[in-house]
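For the sequence shown, numbering that gives the first Met the number 0 assigns the number 0 to the initial residue and increments by one for each residue that follows. We put the beta carbon where it would ideally sit given N, CA and C, even for glycine.
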Amino acid sequence: MLPLFYEFAEDVKAHPVNEFDKKWTKESIKSACELFFEYEELAIYDYSEADLLHTVWEFVYKLYKRKSIKAKLGERVGKAVSSGKKAGRSIEAIERRPRKIMGAKLDVLFKAGIYELGSCEVGKDNVEETDDKYINDGLLKLPKTLRDMLAVQVRSNSSKINGLVTVAYLMTGLNMELVIMDVPKGKYVTRVTVTEKFPFPGSMTSFSADFLSLLELAWKGREMMRKNLDMLNQRKRKAPVLVAGDEESITISP
Numbered sequence: 000m001l002p003l004f005y006e007f008a009e010d011v012k013a014h015p016v017n018e019f020d021k022k023w024t025k026e027s028i029k030s031a032c033e034l035f036f037e038y039e040e041l042a043i044y045d046y047s048e049a050d051l052l053h054t055v056w057e058f059v060y061k062l063y064k065r066k067s068i069k070a071k072l073g074e075r076v077g078k079a080v081s082s083g084k085k086a087g088r089s090i091e092a093i094e095r096r097p098r099k100i101m102g103a104k105l106d107v108l109f110k111a112g113i114y115e116l117g118s119c120e121v122g123k124d125n126v127e128e129t130d131d132k133y134i135n136d137g138l139l140k141l142p143k144t145l146r147d148m149l150a151v152q153v154r155s156n157s158s159k160i161n162g163l164v165t166v167a168y169l170m171t172g173l174n175m176e177l178v179i180m181d182v183p184k185g186k187y188v189t190r191v192t193v194t195e196k197f198p199f200p201g202s203m204t205s206f207s208a209d210f211l212s213l214l215e216l217a218w219k220g221r222e223m224m225r226k227n228l229d230m231l232n233q234r235k236r237k238a239p240v241l242v243a244g245d246e247e248s249i250t251i252s253p
C-alpha cells in the first residue's frame, strides 16, 4: 500500500514552468516517500555523503532549477573564497609570488551569473556541536565561505551592505540547518545566524511534522538568495575614475 502522502502528491497537477514551486513540492514529497517503500524506518549507516546529498537531500538543490539561481554540484571551489585566500599575493617583479591558493571545496555552490549567493555542505553522520566534523564544516568552513561571498557582493553594491546576506544549508546525517551571514549595522562586523536543526523523517509516522518543515526551510533559503540577487542588480552606475601614478584621481563626466 502506498503512503497517503505519496498518493496525495501523485494527484496534484502542476505546470512545470508556470507552477514550478508547486511541482517541486509535489516531486519532493514523492521522492521522500519512496525512501520508505521497502523499509518502515530510514537507515543511513552505510550512506556516503554523496548518497545523502543525492538521495535524502536532493530536494534542496532541485529547488534551484529555475533560470535565475543555479545549483552547481560536485565539490565546487567558489571564486569568492579563492579571492579571499589569495588577497595577500603580490606582483612577482616586487617579490616572489606564492603558489596559487585554492578555496575550500563546496558540495553545492549556488550561483546566479557572476554572483555566488550561497553554498551547501553535507556530512554523513549525526554529529554533536563539539565534534570535529561539525566544527570544521559548520562553524569554520561555512562562515568563512559566506564571509568571502558577502565581501564580493558588498564591493559590487556597497550602498546595500546592511541588506545583503549569504546563505548556506548545513546537513549532518538526517538533520538540516540554515546558516545566514549579514552585516546588521555599520560596515565592519558580520553576524552569523544559525537556525535550529530540522530532522528528516525517520519513518512515515513523523513525515508530516518533519518533511514539510524541511521544504519550508529550503524554500526560505532560496527566497533570501533571490532577494539578495535583486539588490545586487539594482546597484547605481559608477563614474569611471582614472588613476595614474601619484597624480590625483580624475573623474570622467558622462
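Burial state of L116, where buried means 16 or more other Cβ atoms lie within 10 Å: buried
Distance between K235 and L62 (C-alpha atoms, nearest Å): 30 Å
Report the CB separation of Y254 from G220 in whole angstroms; it is logged as a contact under 8 Å. Residue 254 lies beyond the range of the chain shown here (0 to 253); nothing can be said about it.
Looking only at its own chain, which residues have a Cβ that is under 6 Å from the Cβ of I256, when we skip the five neighbours before and after it? As shown, the chain starts at 0 and ends at 253. That puts residue 256 outside it, with no answer to give.
So which of D229, E33, E176 has the shortest CA-CA distance to G112? D229
Quick check on DSSP: helix, strand or coil for T204? helix
Straight-line gap, I68 to W23 (C-alpha atoms, nearest Å): 15 Å
Contact between the region 168-180 and the region 192-206 (3+ Cβ pairs under 8 Å): yes
Within the continuous beta strand (DSSP E) that includes E176, where are the two ends? 174-181
From N227 to R154, what does the alpha carbon distance come to, in whole angstroms? 14 Å
Please confirm whether M148 and T171 have their CB atoms less than 9 Å apart. no
Note down the Cα distance separating Y187 from R65, rounded to an integer number of angstroms. 34 Å
Can you tell me whether A42 is buried or exposed? The criterion is at least 16 other CB atoms within 10 Å of its CB, across all chains shown. exposed
Which residues mark the beginning and the end of the beta strand (DSSP E) in which S67 is found? First-last for S67: undefined, no H or E at that position.
Residues in the same chain with beta-carbon distance under 6 Å from F210, minus the five sequence neighbours each way, listed in chain order, please. A31, P200
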